[in-house]
Structure formats: C-alpha cells, structure tokens
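Just so we're aligned: the sequence shown equals residues 171 to 929 in the working numbering.
Heads up, the thing below is written out as structure tokens.
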Amino acid sequence: MIAVGTRVDGYAIEQRLGEGASAEVYLARDDALARHVVIKLSRDARADARLEREAALLSRAGQRGLLQIYGRGEHDGRVYLVLEHASGADLAQLMRDGRLARVDALTVARDIAEALGALHDADILHLDVKPANIVVDNGADGARRARLVDLGAATRADDGDSPGEAGSSAGARQGTPAYLAPERASGDDPSSASDVFSLGVVLHELVCGVRPAHGDAPVLAAATPALSPELCEITARCLAAKPAQRPDARQLANALEAELARTRRAFDCPFVGTAPYDTRAAALYFGREDELDQLAEMVRRPGAVAVVGAAGVGKSSLLHAGLAPRLGSTGAWRVLRLSASAQPLLALARVLSRAEQRDAQHDAQRDEQADAIAARAKLLAEAPAMAALMLDALGGAGSSTLLVVDQLERVLDAEPAAARAFLEALSVAGSGDGDTRVVVAARDVALGPLAELGGATLLERVLPLAELPADDITRAITRAAAVCGARFEPPELADKIARDVTAAGSHEALSLLQLTLRALWARRDERAGTMRQADYVTLGGVHGALALLGEQALSTLDDRQRAEARAVLLALLDERGEAQPRARGELEALGDGRVIDTLLRARVISRPRAAGTEGYDADDDTIVLAHPALSTWPELRAWREADALAHALSRELERAATLWHARGERDEELWDAAALAELARIAPPTSPSAAVERFVAASRRRARRRQTLRRGGAGALLLAVLAGVVGASVIASERAREVPARGAHSASRDGDGGALDSP
171 MIAVGTRVDG YAIEQRLGEG ASAEVYLARD DALARHVVIK LSRDARADAR LEREAALLSR
231 AGQRGLLQIY GRGEHDGRVY LVLEHASGAD LAQLMRDGRL ARVDALTVAR DIAEALGALH
291 DADILHLDVK PANIVVDNGA DGARRARLVD LGAATRADDG DSPGEAGSSA GARQGTPAYL
351 APERASGDDP SSASDVFSLG VVLHELVCGV RPAHGDAPVL AAATPALSPE LCEITARCLA
411 AKPAQRPDAR QLANALEAEL ARTRRAFDCP FVGTAPYDTR AAALYFGRED ELDQLAEMVR
471 RPGAVAVVGA AGVGKSSLLH AGLAPRLGST GAWRVLRLSA SAQPLLALAR VLSRAEQRDA
531 QHDAQRDEQA DAIAARAKLL AEAPAMAALM LDALGGAGSS TLLVVDQLER VLDAEPAAAR
591 AFLEALSVAG SGDGDTRVVV AARDVALGPL AELGGATLLE RVLPLAELPA DDITRAITRA
651 AAVCGARFEP PELADKIARD VTAAGSHEAL SLLQLTLRAL WARRDERAGT MRQADYVTLG
711 GVHGALALLG EQALSTLDDR QRAEARAVLL ALLDERGEAQ PRARGELEAL GDGRVIDTLL
771 RARVISRPRA AGTEGYDADD DTIVLAHPAL STWPELRAWR EADALAHALS RELERAATLW
831 HARGERDEEL WDAAALAELA RIAPPTSPSA AVERFVAASR RRARRRQTLR RGGAGALLLA
891 VLAGVVGASV IASERAREVP ARGAHSASRD GDGGALDSP
C-alpha cells in the first residue's frame with residue numbers, strides 16, 4: 171500500500187480509491203500538467219503481466235468510452251499504469267441509488283457499445299462487462315458519458331494460449347456470473363458476442379430496473395410497456411442464447427443512437443414552460459437527484475411521507491416527474507395521483523372508482539359513474555378507514571399501491587368534517603399496516619392548520635424541500651438541454667440565467683426559470699443546437715420572458731375582453747397575491763367563456779393535470795394560473811395593486827355613506843369635488859349599494875351647487891370690479907375735461923392781475 175503524500179515519480183498520491191484482484195488504485199496529482207490521474211499499481215509479479223497487457227490493449231484501442239492511458243512505470247519493483255481520471259461514480263452505485271433517466275440510460279449503453287466496438291475492431295475482448303466496470307460522469311455539455319474500465323480480464327481475441335485467459339477453462343469462466351454469456355458459463359471459448367451479451371444484461375437492467383431472468387430472452391414490451399418496439403427488439407437480440415443471433419457492438423451502438431434520436435424527438439422542447447412537470451417529462455427532470463433518492467427510500471418503509479416546502483419550490487415536480495415515474499416503471503408499484511380540493515372525499519372516491527373500472531375494463535355511463543362515486547364519497551365520510559382497504563385491493567400480485575396527494579393544503583378550504591375524514595383516510599392508508607403507501611405534498615405554512623384538523627400522523631415523516639442553489643440549477647438546465655442535443659452558448663450562459671433567477675428573489679424562481687428557458691428555446695439556433703446569450707439579452711432576461719407570455723395572450727383581445735381577462739386573472743390570486751384555483755363556473759361569471767378559452771390556449775391559465783394520467787379527476791373543472799410565476803407578472807401585479815386600491819376606496823365609500831345617513835345626511839358629511847374625482851378615476855370593483863348611490867348623488871349635487879356658487883361669486887366680483895373700473899374711468903374723464911377749463915379761467919385771472927400789478 172502506498173501512503174497518502176508519497177510521490178511516485180512525478181505524481182503525488184492523494185487518496186486510495188480501492189483495490190481489485192490484481193491491482194491497487196490511487197488518485198494522484200500530476201504536477202507537471204496540473205491534473206488528476208489514476209495510478210493503478212500491481213499487487214505482485216503475476217499481476218504485472220496483466221497490467222502490461224491492459225496498457226497494450228488500451229493504447230491499441232483508444233476510443234470514446236475507454237480511459238486514456240498516459241504512461242506506465244515501476245514503483246518498488248511493481249508495475250503501475252497512469253490512467254485518465256474519470257471523476258464520476260460507477261454504474262453499479264448509480265443503479266443502487268435509483269434508475270437513470272431514459273436518455274441517460276441509453277447514452278451510457280451507447281458509449282459502452284462504442285467502446286466494445288473499438289476493442290473488438292482491435293481484436294480485444296473485455297470479458298467482464300458489468301456495472302461496476304462502467305464509470306459515469308457528466309461531459310462539458312452536461313450530458314452523461316460512460317467509460318468502460320478495468321481491462322484486467324481482457325485478452326486478444328486470438329490469444330487463446332495465454333495462461334489464465336481465453337482458451338483455458340479457467341480463463342473462459344472469468345467474469346461476473348450474473349453477466350456471463352451462456353457459452354462462457356458452459357465453458358466454451360468466448361467471442362465478441364460474449365461481450366455483447368454482457369452489455370445486453372446491463373442494458374436490460376438500465377431500462378427495466380432488473381436483470382433478465384435466466385433462460386429465454388424476455389419479452390420486454392410486456393414487462394415495461396413504455397419501451398419502444400425497437401429498443402425491446404435490440405435488447406432481446408443482445409440476450410439471445412446463440413451468439414450468432416446477437417448484433418455486433420457497432421450495430422448495437424447504431425441502434426442505441428437511433429433510439430436516442432427518437433427519444434429526443436419526442437420532446438419539442440426540453441423545458442416545460444407553463445406546462446406542469448409530470449410523468450411524461452420525467453426524462454427532462456434534473457436537479458433533485460439526492461432528494462428523489464431519499465424520498466424513494468422513505469416510501470419503501472412503512473408510514474406516510476410528507477414533502478414540505480414553500481410555494482413554488484418544486485414539490486409537485488418531485489412527486490409527478492420524479493417519484494411517480496421511478497416507482498411506477500418498476501412494475502412493483504401502481505401509482506395513483508390526486509390533487510386535494512375543497513371536496514376531497516369526492517376527489518378520492520373518483521380516483522378509486524376509475525382505477526377499479528380500468529381493472530374491470532368497465533365502461534359505465536357517466537350518470538352511473540357519478541352516482542357510484544357519490545356513494546363511495548359518502549361511505550368514506552362515514553368510515554374513512556375503508557380507503558385503506560380500497561387502495562390495498564388495487565395493488566396486483568407482487569405490487570403495492572402508491573397514492574400521491576398533491577397540494578394537501580387545499581383541503582383547508584373544505585368543510586371541516588370532510589377535511590378531517592379525508593385526512594383520517596390518508597393517515598390509515600399510509601400507516602404501513604397494508605400494501606399501500608401515501609406521499610403528500612404540502613406548503614410549510616399549512617402544517618399547523620393541517621395538524622389541528624387531524625393530519626398530524628400524515629406529517630410525522632417529513633422530507634423538507636429547500637430552494638435549489640444556483641449551481642444545481644445550472645447543472646439541471648444544462649442536462650435538460652442535452653436531452654434534446656442542445657447546449658448554451660457560451661456555456662456560462664446557463665450559470666448566468668440560474669443566478670439571474672435566484673437573484674430575482676421570487677418564491678416562484680423555478681417557475682420563472684422554466685418560462686425563461688422556454689422563450690429562449692424558441693429563439694435558438696436550430697442548426698447549431700445552441701441557445702445564445704444575445705437572444706437572452708434581447709428577450710429582456712428572466713422578467714422579459716414573463717411579460718412576453720402575458721402580452722402575447724392579451725394582444726389578441728379587444729378592450730372588453732381585456733377587462734374580462736383582467737377580472738379572471740385577478741380571481742386566480744388570493745389575498746396574498748399567490749396563485750389559487752377557481753372553478754370554471756366562478757370565472758365564467760366574471761368573463762365570457764371565450765376569453766377563458768383564449769387564455770387556456772395561450773397557456774396563461776390551465777387545468778391542474780393533463781388528462782390521461784391515472785388518478786386524474788376528469789370531472790374537476792378547476793382552473794389555475796398555468797404557471798405560478800405568472801403571479802409575479804408586472805402587468806398582473808399592477809392590476810392587483812389597482813384592484814386593491816379600488817376595494818379600499820369602496821370600503822371607505824361604504825363607511826362614509828353609512829356615517830352620512832346616521833348623522834342626519836348633513837351636507838358637511840358629503841365628499842368634496844377632489845374625492846369625487848378620485849372616485850371617478852378608480853372605479854369600485856363591485857356594484858354600489860343604494861345607500862352609497864344616494865350618498866354619491868348628494869355629494870355630486872353639493873359639488874355642483876358649490877361650483878355654481880363659486881362661479882356666481884366670481885361673476886359678481888367681476889361685475890363689481892368692472893363697475894369700479896367704469897366709474898373710475900368716468901370720473902377720470904370728467905376730471906380731464908375740468909382741468910383745461912380751470913386752466914383757462916386761471917390764466918384770465920393771472921392776466922388781469924398782472925396788468926394791475928404792472929408798474
């Protein structure tokens with residue numbers, strides 16, 4: 171063993187990574203090139219030969235999917251190799267933590283098929299293809315990539331005389347039994363088809379969650395209906411008992427690349443925008459891997475689980491795009507989904523009834539269904555514990571039922587008795603006594619009220635969900651883009667968007683992120699597959715995308731329809747300005763149904779769940795904002811502020827009218843012209859009462875009288891002024907005429923006196 175800190179030639183040993191049958195493996199620092207490498211040191215002289223052979227094979231086969239070899243040397247008389255450091259985890263560990271997303275699974279299998287193709291082209295057999303010998307990490311573009319490691323058991327295809335290798339009975343049995351091809355298990359010589367069989371076992375495990383049973387090739391389409399016929403066919407061929415019936419590694423790689431292309435085409439955009447994350451978007455859901463692993467493990471143990479966090483933190487996405495697809499695809503769980511509502515027992519009864527009808531392939535008339543559902547809801551109200559028996563009965567042989575309940579806080583809007591019965595039903599069903607597990611999602615602020623209503627048992631095992639850090643958001647959106655073969659240009663753009671969103675300080679940061687990315691995707695360079703920084707700037711950043719969605723929807727409406735749309739959208743906000751659901755009937759009282767349909771088509775509003783999902787409440791006419799981030803749309807926020815001001819003015823007007831009447835309808839209690847002008851500018855949102863109408867009419871009459879008086883007073887003053895001016899003018903004119911006369915008379919007197927006074 172080499173101690174940490176020891177220098178092996180130009181490499182500083184930093185960590186012991188592990189050991190195998192023939193070598194010890196260390197992480198080291200290459201000082202000359204400032205990079206990490208792997209040092210693989212042989213255990214003894216016999217292992218030296220295996221490492222020398224591995225070095226020769228790697229240098230000969232150099233290809234994507236294989237580690238690069240940087241050099242070889244000797245330390246204390248033992249051979250060591252210097253290999254590329256793949257920083258990821260081995261596939262065995264990843265699969266223990268949970269299934270990989272479909273695109274990731276296909277990418278891993280394709281990379282390993284290409285690596286085997288390179289080895290086989292060089293007449294090299296790996297002979298130990300298994301998850302523990304596959305290292306998976308993320309490339310610079312965010313996409314998964316896989317490397318096939320440990321060529322210790324590998325050999326030249328024509329090297330049948332090598333001791334302990336192909337051609338000897340011991341060598342023919344090398345490898346891991348669960349992944350051995352039938353011909354190797356029976357002692358026959360291996361071939362390239364043997365490696366393909368081993369990879370076929372890995373592929374089956376990746377896409378189905380389990381290794382295939384021994385014997386005939388399995389019928390994958392029956393085991394996992396979500397798989398495409400092409401993927402089922404190529405996987406079955408890899409697992410054919412006869413080597414000649416298997417594809418070669420290059421054919422397998424090409425088939426997997428074609429399957430990847432089909433999978434990518436299934437998504438017109440890797441970002442959901444205003445649509446909710448659901449099972450169909452599972453391949454695009456990234457960023458919560460640790461929480462998903464933890465939640466899946468909690469569900470396997472008895473007792474209900476509550477996913478708790480602030481509004482908009484991603485609780486629904488974790489349940490519908492993370493947990494439900496992961497457990498549902500294994501075949502061990504039947505997943506039912508339910509959104510809590512003001513009629514929770516009816517919603518639960520509907521989910522149970524329709525699940526049973528699917529099992530019985532029963533196509534009852536709508537009226538019959540409604541009657542049966544209502545009867546079941548009544549039974550649940552009287553005996554909530556019956557829900558556990560009903561849910562247990564839905565689990566098939568070897569499978570359990572998972573009930574996923576979203577937005578549990580909405581049950582607080584129900585009648586208290588119905589809410590208590592619903593919470594009791596969930597508590598009993600999720601207790602762990604039967605084959606059912608219950609997972610609920612609830613806002614953190616609702617925990618106290620829910621517990622007081624009888625939901626304390628449901629909330630004993632909690633998975634808290636915090637906001638995603640910017641670094642995790644960056645990785646998540648980069649990987650989602652890679653699903654569709656796209657990337658950010660420059661790569662730092664993903665980090666800028668993530669930090670802009672978190673800096674916005676909105677509790678709907680993730681919703682705002684999806685809206686932004688969807689708008690940016692629409693402007694991408696399709697040929698290059700890039701989302702560009704210049705387009706992000708033109709868009710106006712994260713808030714520009716939000717405004718764009720709303721403005722595009724409103725631009726198709728006339729003035730009357732815009733006013734109705736305003737009323738509808740405001741009704742979808744609660745008193746805190748957060749999104750709240752409304753029945754369509756309530757909204758149609760505020761606006762034309764065509765306006766609602768226009769907003770639905772524009773994806774500004776939506777129904778909570780997409781039809782076709784098991785557990786979907788098809789009779790629920792609930793409407794919600796299509797994305798919670800729309801609650802922060804500047805236009806809608808301005809409407810809400812104006813609406814709040816109008817409501818405040820309305821309340822003030824009602825109080826003033828009441829006080830005016832109580833005090834004998836005195837004039838001094840009426841509103842003046844300035845207050846009436848404000849009333850005209852901010853019209854109250856509701857029809858005024860008779861008392862208010864009388865008060866406003868009296869105020870206007872008084873204002874007109876005062877205006878008339880002011881005008882009359884001003885006229886009298888003007889007349890007085892004019893009269894004064896005219897009078898003064900007449901007097902001045904009279905005086906002007908008098909002055910010359912007095913002057914002449916004075917001159918006459920002056921002339922006489924002068925004469926008399928003359929000497």
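We put the CB at the ideal spot given by N, CA and C, even for glycine.
{"query": "Please tell me whether residue 557 and residue 595 are closer than 7 angstroms, where the distance is taken between their beta carbons.", "result": "yes"}
{"query": "Measuring only from the beta carbon, is residue 878 closer than 6 angstroms to any heavy atom that is part of the ligand ADP?", "result": "For the structure depicted, the ligand ADP is absent and the ligand set is empty, with no information on it obtainable."}
{"query": "Could you spell out where the alpha helix (DSSP H) holding residue 172 opens and where it closes?", "result": "From DSSP, residue 172 is part of no alpha helix (DSSP H); its letter is neither H nor E."}
{"query": "Return the Cβ separation of residue 318 and residue 255 in integer angstroms, given the expectation that the two are a contact with Cβ distance under 8 angstroms.", "result": "Not really, about 15 angstroms apart at Cβ, beyond 8 angstroms."}
{"query": "Run through the DSSP bridge pairs and tell me what residue 441 is partnered with.", "result": "Residue 441 pairs with nothing; no bridge assigned."}
{"query": "What does DSSP give as the partner residue(s) for residue 749 in the beta ladder?", "result": "743"}
{"query": "Among all the DSSP beta bridges, which residues are the ones paired with residue 254?", "result": "207"}
{"query": "Report the rounded CA-to-CA distance for residue 175 versus residue 657, giving the unit in angstroms.", "result": "40 angstroms"}
{"query": "From residue 221 to residue 681, what distance separates their C-alpha atoms?", "result": "52 angstroms"}
{"query": "The beta strand (DSSP E) that contains residue 185, what's its start and end?", "result": "181 to 189"}
{"query": "To which residues of the same chain is residue 660 closer than 7 angstroms at the C-beta, ignoring the five residues directly before and after it?", "result": "703"}
{"query": "Could you tell me whether the region 619 to 635 touches the region 542 to 553, where touching means 3 or more Cβ pairs closer than 8 angstroms?", "result": "no"}
{"query": "Just reading off the alpha helix (DSSP H) that residue 714 is part of, what are its end residues?", "result": "711 to 724"}
{"query": "Tell me whether residue 290 sits in a helix, a strand or coil according to DSSP, three-state version.", "result": "helix"}
{"query": "With a floor of 3 residues, list each beta strand (DSSP E) that falls wholly inside the region 475 to 533, ordered by position along the chain.", "result": "475 to 479 and 503 to 509"}
{"query": "For residue 194, list the residues DSSP reports as bridge partners.", "result": "189 and 211"}
{"query": "Classify residue 298 as buried or exposed, calling it buried when 16 or more other Cβ atoms lie within 10 Å of its own Cβ.", "result": "buried"}
{"query": "Just to confirm, is the Cβ distance from residue 474 to residue 608 under 7 angstroms?", "result": "yes"}
{"query": "Comparing alpha-carbon positions, which option in 747, 744, 792 and 746 lies nearest residue 766?", "result": "792"}
{"query": "Take residue 424 as the anchor and find which of 400, 413, 439 and 442 has the nearest alpha-carbon.", "result": "400"}
{"query": "Pair every Cβ in the region 506 to 521 with every Cβ in the region 660 to 673, then say whether three or more of these pairs are closer than 8 angstroms.", "result": "no"}
{"query": "Quick one: residues in its chain with C-beta nearer than 7 angstroms to the C-beta of residue 670, no 5 flanking neighbours on either side, listed in chain order?", "result": "711 and 712"}
{"query": "Just verifying my parser: in three-state terms, what is the DSSP assignment at residue 601?", "result": "coil"}
{"query": "Which residues mark the beginning and the end of the beta strand (DSSP E) in which residue 241 is found?", "result": "239 to 245"}
{"query": "Between the C-alpha atoms of residue 809 and residue 740, what's the straight-line distance to the nearest angstrom?", "result": "8 angstroms"}
{"query": "I'd like to know whether the C-beta atoms of residue 683 and residue 715 end up nearer to each other than 7 angstroms.", "result": "no"}
{"query": "So, for residue 646: in the same chain, excluding its five sequence neighbours on each side, which residues have a beta-carbon less than 6 angstroms away from its beta-carbon?", "result": "456 and 457"}
{"query": "Looking at the strands, I want to know which residues DSSP matches up with residue 658.", "result": "701"}
{"query": "When DSSP labels each residue in this structure, what does residue 636 get in the three-state scheme?", "result": "coil"}
{"query": "Which stretch, first to last residue, makes up the alpha helix (DSSP H) that contains residue 627?", "result": "From DSSP, residue 627 is part of no alpha helix (DSSP H); its letter is neither H nor E."}
{"query": "Would you kindly work out how many angstroms separate the C-alpha atoms of residue 591 and residue 585, rounded to a whole number?", "result": "10 angstroms"}
{"query": "According to DSSP, residue 951 sits in a beta bridge with which residue or residues?", "result": "Missing from the structure shown is residue 951; the chain here goes from 171 to 929 and no further."}
{"query": "Find the nearest neighbour of residue 379 within the set 219, 275, 368 and 880, judged by alpha-carbon distance.", "result": "275"}
{"query": "From which residue to which residue does the alpha helix (DSSP H) around residue 364 run?", "result": "362 to 378"}
{"query": "Rounding to the nearest angstrom, what Cα-Cα distance links residue 306 and residue 413 in this structure?", "result": "28 angstroms"}
{"query": "Could you please give the first and the last residue of the uninterrupted alpha helix (DSSP H) stretch that includes residue 433?", "result": "419 to 435"}
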